[in-house]
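Peer 1:
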Amino acid sequence: MPKLPALLCCTCTALTLALAPPSVLIVGGTGRIGTAVAIHLLQRRPELQITLAGRSAERGRAAAVEVAAEVAAEAADCGFLELDYRDAAAMRAACEGQDAVVHVAGPFVGQNKLEPLKAAIASETPVYVDVSDPLEYIDEAKALDARKTSALLCAGAFPGFSNVLAVEAAHLLGEPVKDLNFSYFTAGLGGSGAINLDITNYGFGPPVPRIVAGEATRTENYAGTDFGTIAYDGLNAECWAWPFPEAATTGEFLKITGSSRAGMGTAPAIWNTVLRLMVAVVPRKWWSSKRFSEGLARFSEPLVRVTDAFVGEAHAMRVDVSSATSERSVAAVQRHDSFRRCVGQSCAEFVLDALDQATPGVALPEERYADRAPRERILARLSTTPGTTGYRVG
Ligand SMILES: NC(=O)c1ccc[n+]([C@@H]2O[C@H](COP(=O)([O-])OP(=O)(O)OC[C@H]3O[C@@H](n4cnc5c(N)ncnc54)[C@H](OP(=O)(O)O)[C@@H]3O)[C@@H](O)[C@H]2O)c1
Ligand SMILES: *[C@@H]1O[C@H](CO)[C@@H](O)[C@H](O)[C@H]1NC(C)=O
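Spelled out as structure tokens, the structure:
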């Protein structure tokens, strides 16, 4: 029989382990989306132990101060870890002991792009969530075998929340889906980092993944064209096609018989006109070149910053599904006063949901939330975040 002090000690350790607040590592946590994720996590669960990770210690300090200034006084302070996620060994060490790993250090391309997910799987981290969007990243990520990790890809606002809205709209339709349209609006950069300008520009280069006449395909010379004015319940804004993966992944998931497309637009409206004109004259292969896309982004950034100061950072999205067997259609619309907050909050809610209820495997939001009960649970979370200014399905 063990001695009483030893027994007590063991019990205490076990209790402390069971009661220790969950720990969350945010890779890219020092960025605009990363700090928004941290703020929302701490607002919802002040006891969480959060570590912001990035390459610059200076940025890390500033980010920790920014987060602390916004959360309740009782919330734990964020830690900072200097980390390059492309370093496999460092990434693996960073995952040890974490309950969740969040990856928001886009653009999810290039060498060692999958290290955060691979490290989370190898260290059996219970929860992994990222806000990826390139289709080739998704394909490679989905080929990984995660037996102990509940991994969710593309889990921001769009893709992310929007994928779940599409499944919900199709469910309300209750008939086979013909067309599926995703339309997004962001005022200026929506409070996100300048990297998002580069990403937008690259997107004009390659063919766009989508469904046409029930078949998965890639449409050439399509980004920056098509669409028109979209009604977001009280806000009308222009929209043009862009290679968001959900046009392909959610379209396939819903087995649509017609076509899918995804696109976005911005404010002030003049940017839409400038982009359309540029897309019409600049060869597609220039957009695909890093030099051109990043050069243009750096050139336009000061102008974007100036206009951002008066257009704000509002966000709106709309998902439309139409029936293959009748004239019916269903729309879902969501609006928020800040794009950056909405992306961060959506990502954070996907993390909190998985901490409560982990589902091992690597999945997209439409797959993980395919069943009605988990979908209602996540939509209740996503549609009630602070700053939400509109939400309806049907
Ligand atoms: N699904 C959605 O709804 C959605 C919407 C908007 C954005 N996004 C994604 O979110 C990403 C982040 O956007 P953001 O506005 O937050 O950009 P950001 O402000 O530039 O933040 C990116 C952060 O990642 C860190 N980082 C970059 N490379 C790293 C590396 N190799 N190792 C560790 N940390 C690294 C950067 O810090 P250091 O440079 O100091 O390392 C920076 O703090 C975008 O690239 C985009 O892919 C998704
Ligand atoms: C989706 O967009 C296409 C192309 O503009 C349009 O023909 C179709 O009516 C739209 N479908 C829905 C359900 O909004």
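Those letters in the sequence shown? Residues -18 to -1, 1 to 376, by mature numbering (1 follows the signal peptide of the UniProt record, and there is no 0). C-beta atoms are modelled at their ideal positions from N, C-alpha and C, and glycine is treated no differently. Please read all numbers here as calculations on a predicted model, not as lab measurements.
Could you check if residue 183 belongs to the surroundings of ligand 1, using beta carbon to heavy atom distance under 7 Å?
Peer 2: Result no, Cβ not under 7 Å from ligand 1.
Peer 1: Under the criterion of a Cβ to heavy atom distance below 7 Å, does residue 74 qualify as lining ligand 1?
Peer 2: Checking every heavy atom of ligand 1 against the Cβ of residue 74, none is found closer than 7 Å.
Peer 1: Rounding to the nearest angstrom, what Cα-Cα distance links residue 21 and residue 369 in this structure?
Peer 2: C-alpha separation (whole angstroms): 13 Å.
Peer 1: Excluding sequence positions up to five away, which residues of its chain have a Cβ less than 8 Å from the Cβ of residue -18?
Peer 2: Low per-residue confidence applies at residue -18: pLDDT is 47, beneath 50, and the placement is therefore not dependable enough to give any value.
Peer 1: Using DSSP with H/G/I as helix, E/B as strand and the rest coil, what is residue 192?
Peer 2: DSSP places residue 192 in strand when its eight states are reduced to three.
Peer 1: Whose C-alpha, out of 78, 112, 69, 143, is nearest the C-alpha of residue 373?
Peer 2: The option with the nearest alpha carbon to residue 373 is 143.
Peer 1: Can you grab the Cα-Cα spacing for the pair residue 279 / residue 175, in whole Å?
Peer 2: When rounded, the distance between both Cα atoms is 12 Å.
Peer 1: Counting beta carbon pairs with one atom in the segment 55 to 66 and one in the segment 313 to 328, are three or more of them shorter than 8 Å?
Peer 2: No, the segment 313 to 328 does not touch the segment 55 to 66.
Peer 1: Find the nearest neighbour of residue 57 within the set 44, 29, 37, judged by alpha-carbon distance.
Peer 2: Per the Cα distances, 29.
Peer 1: Can you tell me which residues form a DSSP beta bridge with residue 33?
Peer 2: Answer is 7, 61.
Peer 1: Go through its chain and collect everything with a Cβ distance to residue 331's Cβ below 6 Å, but skip five positions before and after it.
Peer 2: Counting only Cβ-Cβ distances below 6 Å, and skipping sequence neighbours, we find 363, 364.
Peer 1: Touching or not, the segment 295 to 304 and the segment 156 to 175, by the rule of three or more beta carbon pairs under 8 Å?
Peer 2: Enough Cβ pairs lie closer than 8 Å, so yes.
Peer 1: Could you say which of 101, 255, 88, 158 lies nearest to residue 211 if we only look at CA atoms?
Peer 2: If we check each option's Cα against that of residue 211, 255 comes out closest.
Peer 1: Under 8 Å between the Cβ atoms of residue 2 and residue 35?
Peer 2: In this structure, residue 35 does not lie closer than 8 Å to residue 2 by Cβ.
Peer 1: Quick test of the definition: if touching needs 3 or more C-beta pairs under 8 Å, does the segment 339 to 348 touch the segment 190 to 210?
Peer 2: The segment 339 to 348, when compared against the segment 190 to 210, does not touch it at the 8 Å Cβ threshold.
Peer 1: Cα separation between residue 337 and residue 80?
Peer 2: C-alpha separation (whole angstroms): 11 Å.
Peer 1: Of all the alpha helix (DSSP H) runs that stay within the bounds of the segment 272 to 338, which reach a length of 4 or more residues?
Peer 2: Whole alpha helix (DSSP H) segments, 4+ residues: 272 to 293, 321 to 338.
Peer 1: Below 6 Å CB to CB, which residues in the same chain sit around residue 326 once its five sequence neighbours on both sides are set aside?
Peer 2: Closer than 6 Å at the Cβ level, and outside the excluded window around residue 326, lie 15, 18, 19, 22.
Peer 1: From what residue to what residue does the beta strand (DSSP E) around residue 169 run?
Peer 2: Note, residue 169: beta strand (DSSP E), 159 to 169.
Peer 1: Please report the residue range of the beta strand (DSSP E) in which residue 205 lies.
Peer 2: Taken as a continuous stretch (DSSP letters only), residue 205 belongs to no beta strand (DSSP E), as it is neither H nor E.
Peer 1: Pick out every residue whose C-beta is nearer than 5 Å to a heavy atom of ligand 2: which are they, in chain order?
Peer 2: For ligand 2, the selected residues are 161, 163, 302, 304, 311.
Peer 1: Would you give the residue range spanned by the alpha helix (DSSP H) that residue 270 belongs to?
Peer 2: Run containing residue 270: 266 to 270, per the alpha helix (DSSP H) assignment.
Peer 1: Let me know if residue 288 comes out buried or exposed under the rule of 16 or more other beta-carbons within 10 Å of its beta-carbon.
Peer 2: Classification for residue 288: exposed.
Peer 1: Tell me whether residue 387, by its Cβ, gets closer than 7 Å to a heavy atom of ligand 1.
Peer 2: For the chain, the structure presents residues -18 to 376; residue 387 sits outside this window and is missing.
Peer 1: Does the segment 150 to 157 come into contact with the segment 289 to 299, if we say contact requires no fewer than three beta-carbon pairs (one atom in each stretch) closer than 8 Å?
Peer 2: Not touching, per the Cβ criterion.
Peer 1: Measuring CB to CB, does residue 82 end up less than 8 Å from residue 315?
Peer 2: Result no, Cβ atoms of residue 82 and residue 315 do not sit closer than 8 Å.
Peer 1: If you measure between the beta carbons of residue 224 and residue 244, is that distance less than 8 Å?
Peer 2: Yes. Within cutoff.
Peer 1: Which term fits residue 90, buried or exposed, when burial requires 16 or more other beta carbons within 10 angstroms of its beta carbon?
Peer 2: Answer is buried; the Cβ neighbour count reaches 16.
Peer 1: In terms of residues, what are the limits of the beta strand (DSSP E) holding residue 372?
Peer 2: Residue 372 -> beta strand (DSSP E) spans 370 to 375.
Peer 1: Cβ-heavy atom distance between residue 62 and ligand 1 below 7 Å?
Peer 2: Not so, every heavy atom of ligand 1 lies at least 7 Å from the Cβ.
Peer 1: May I ask you to report which of helix, strand or coil DSSP gives residue 114?
Peer 2: Residue 114 falls in the coil class under three-state DSSP.
Peer 1: Can you say whether residue 141 is buried or exposed, counting buried as having 16 or more other CB atoms within 10 angstroms of its CB?
Peer 2: Burial call: buried.
Peer 1: Confirm the yes/no value for this check: CB of residue 175, any heavy atom of ligand 1, distance under 7 Å.
Peer 2: Flag set: Cβ of residue 175 near ligand 1.
Peer 1: Using DSSP with H/G/I as helix, E/B as strand and the rest coil, what is residue 200?
Peer 2: It is a strand residue.
Peer 1: From the DSSP output, which residues share a beta bridge with residue 133?
Peer 2: According to DSSP, which records beta bridges pairwise, residue 133 is partnered with 110, 344.
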